[in-house]
Structure formats: C-alpha cells, structure tokens
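0 is the number of the first residue of the sequence shown in this note's numbering; add one for each residue after it. We treat Cβ as the ideally placed atom computed from N, Cα and C, and that holds for glycine. Notes to accompany the following structure.
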Amino acid sequence: MKGVIFKFNHVLFRDFDRQKRAWRLFALAEFYKYISDTEFDQYVYGQSYKSVMEYLAGYPLTNQEVKEYALKQEIVYQILWRKAKEDLTLTCGAEFLLNELKERKIPRLLIMESQRANLDFYIENYGINKWFTKESILCVDNIVPGRTGSDFYVHILQEMNLTGKNYLVFEDSTSGVNAAKQAEIGRVVAIVPYKEHHIYESLHEVDDVIENFHEFNRFLLSE
Numbered sequence: 000m001k002g003v004i005f006k007f008n009h010v011l012f013r014d015f016d017r018q019k020r021a022w023r024l025f026a027l028a029e030f031y032k033y034i035s036d037t038e039f040d041q042y043v044y045g046q047s048y049k050s051v052m053e054y055l056a057g058y059p060l061t062n063q064e065v066k067e068y069a070l071k072q073e074i075v076y077q078i079l080w081r082k083a084k085e086d087l088t089l090t091c092g093a094e095f096l097l098n099e100l101k102e103r104k105i106p107r108l109l110i111m112e113s114q115r116a117n118l119d120f121y122i123e124n125y126g127i128n129k130w131f132t133k134e135s136i137l138c139v140d141n142i143v144p145g146r147t148g149s150d151f152y153v154h155i156l157q158e159m160n161l162t163g164k165n166y167l168v169f170e171d172s173t174s175g176v177n178a179a180k181q182a183e184i185g186r187v188v189a190i191v192p193y194k195e196h197h198i199y200e201s202l203h204e205v206d207d208v209i210e211n212f213h214e215f216n217r218f219l220l221s222e
C-alpha cells in the first residue's frame with residue numbers, strides 16, 4: 000500500500016453520541032424539530048450539510064443558507080466539546096499507529112466531514128497536525144453530496160489525484176465500505192464495535208474487522 004485513508008469522525012475520533020446531541024439541539028433551536036434515532040440514521044448520519052439542512056427545513060436552501068446553518072451546528076458541537084474536553088481522546092491505538100505510519104513515511108490522508116473554516120479548531124484541540132499536513136486533510140462537504148453515495152471515494156480520489164488501488168481505508172459503515180470498493184480502493188478495514196463485527200465479517204469487500212487500531216494487521220500495509 001502506498002498510503003492510508005482515515006476519516007476523523009467515528010474512525011479516529013468516536014464522537015457519535017456527541018454529534019447526535021449537537022444535531023438534536025441545533026434542530027430544536029433552528030427548526031423546532033426533534034430528530035429521532037431512525038431519522039438520524041436515515042437522514043443525518045453520513046449525509047452532507049445540504050442534505051441534512053434541507054431535510055430539517057423541509058424545503059430547498061441556497062448554498063449561503065446551508066453554510067450559515069452549518070456554522071451554527073458546528074458552534075453547538077464545539078460548545079459540547081469544550082464541556083467534556085477532558086473525556087475526549089482519539090480512538091484506542093490511533094496515536095500509536097499514526098506515529099508508526101509517520102516514522103515509516105507512509106502517506107496519510109484525513110477526511111473531515113466539516114467545513115474547512117473549522118479546521119483550525121480540530122488542529123488546535125486534537126493535535127492532528129502532528130500526523131497530517133493541511134494539504135493532506137480534505138474537508139469533504141463541498142465535494143460530495145452525501146456519505147451514503149457510492150461515489151463518495153470516487154470524488155475524493157479525483158480531488159486528490161490518487162489511485163484507489165494503492166490505498167488502504169478504515170471505514171465504520173456498510174455504505175462507506177461499498178463506496179470504497181466502488182472506488183476500487185485496495186484494502187478496506189472495518190473499525191466498528193465488537194457487537195457489529197459479524198455484519199462486516201460477512202462482507203467480501205472487507206479485508207479485516209477490528210475494534211481499535213491496536214488490532215490492525217500491519218501486514219495489510221505491505222500487500
């Protein structure tokens with residue numbers, strides 16, 4: 000493998016519960032709407048800001064309106080983040096693996112489902128610039144329409160001018176696994192809670208299933 004692709008949310012940093020709470024608070028404040036668990040899974044998780052905001056609003060929005068709402072949602076998330084800062088760490092084994100990849104000079108690409116304007120917040124608070132340059136961090140919301148689309152990684156590879164077969168990606172969803180294979184990414188490793196392992200172990204697109212980065216099989220990097 001010539002490089003490794005990480006997602007920040009839910010892969011390097013497991014903040015699903017906090018993201019859900021931030022979205023619910025935002026939706027109540029701006030649209031007087033409560034997002035149920037079913038709605039969250041179907042219309043929010045993995046979707047672009049535009050898709051989510053238009054779902055919450057119930058009508059089409061301009062790009063400027065989406066941008067303004069997205070900024071408000073990010074502010075809610077950051078407030079929740081600061082309240083629980085001491086409890087927030089990268090996924091188990093992440094720092095160890097990132098240090099190893101850096102030492103071995105293996106290229107690393109970080110995908111962030113956030114606006115680039117918020118990038119400094121994550122760099123400052125998580126120190127991700129120790130392993131990723133700004134050029135190797137891709138904020139995807141303006142590039143792809145939604146995470147569930149099969150062309151998600153196709154767009155990313157085109158944007159970064161990369162060849163998928165040379166890369167390994169860590170994924171946390173079945174839609175992401177399918178998108179990775181659509182883009183012909185060389186290796187796909189599912190990093191999910193143990194209770195979900197059986198789902199991913201049955202997928203022929205997945206090369207390995209792990210719960211944390213300490214379990215990652217380094218031999219996959221040399222194949």
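Can you have a look at residue i and say buried or exposed, based on whether 16 or more other CB atoms are within 10 angstroms of its CB?
i           : result
residue 201 : exposed
residue 98  : exposed
residue 224 : In the structure as shown, the chain starts at 0 and stops at 222, and residue 224 therefore has no counterpart that could be examined.
residue 9   : buried
residue 7   : buried
residue 37  : exposed
residue 227 : Outside the shown range of the chain (0 to 222) lies residue 227, about which nothing can therefore be said.
residue 103 : exposed
residue 70  : exposed
residue 221 : exposed
residue 88  : exposed
residue 49  : buried
residue 172 : buried
residue 113 : buried
residue 35  : exposed
residue 95  : exposed
residue 15  : exposed
residue 205 : buried
residue 46  : buried
Which stretch, first to last residue, makes up the beta strand (DSSP E) that contains residue i?
i           : result
residue 109 : 107-111
residue 167 : 166-170
residue 2   : 2-6
residue 190 : 186-190
Just to check my reading of the structure: residue i and residue j have Cβ atoms closer than 8 angstroms, yes? What is that Cβ distance to the nearest angstrom?
i           : j           : result
residue 219 : residue 188 : 7 angstroms
residue 137 : residue 158 : 7 angstroms
residue 25  : residue 75  : 5 angstroms
residue 2   : residue 106 : 4 angstroms
residue 55  : residue 32  : 6 angstroms
When you compare only the Cα positions, how much space is there between residue i and residue j?
i           : j           : result
residue 211 : residue 195 : 13 angstroms
residue 124 : residue 108 : 19 angstroms
residue 139 : residue 77  : 19 angstroms
residue 179 : residue 199 : 14 angstroms
residue 262 : residue 4   : The structure shown does not extend to residue 262, since the chain is modelled only from 0 to 222, so the question has no answer here.
residue 118 : residue 133 : 9 angstroms
residue 166 : residue 61  : 36 angstroms
residue 182 : residue 153 : 5 angstroms
residue 203 : residue 28  : 43 angstroms
residue 11  : residue 101 : 15 angstroms
residue 91  : residue 215 : 11 angstroms
residue 174 : residue 41  : 12 angstroms
residue 193 : residue 93  : 17 angstroms
residue 13  : residue 126 : 16 angstroms
residue 142 : residue 58  : Since pLDDT at residue 142 reaches only 46, below the 50 mark, its modelled position is unreliable, and no value is offered.
residue 176 : residue 130 : 24 angstroms
residue 52  : residue 17  : 18 angstroms
residue 21  : residue 79  : 7 angstroms
residue 155 : residue 168 : 12 angstroms
residue 44  : residue 19  : 9 angstroms
residue 151 : residue 0   : 20 angstroms
residue 209 : residue 39  : 25 angstroms
residue 68  : residue 23  : 13 angstroms
residue 63  : residue 30  : 17 angstroms
So the alpha helix (DSSP H) residue i belongs to, where does it begin and stop?
i           : result
residue 17  : 15-30
residue 81  : 62-82
residue 198 : 196-200
residue 122 : 118-125
residue 100 : 93-102
Contact criterion: CB-CB distance below 9 angstroms. Does residue i meet it with respect to chain C?
i          : result
residue 59 : Of the protein chains in this structure there is only one, and it is not chain C.
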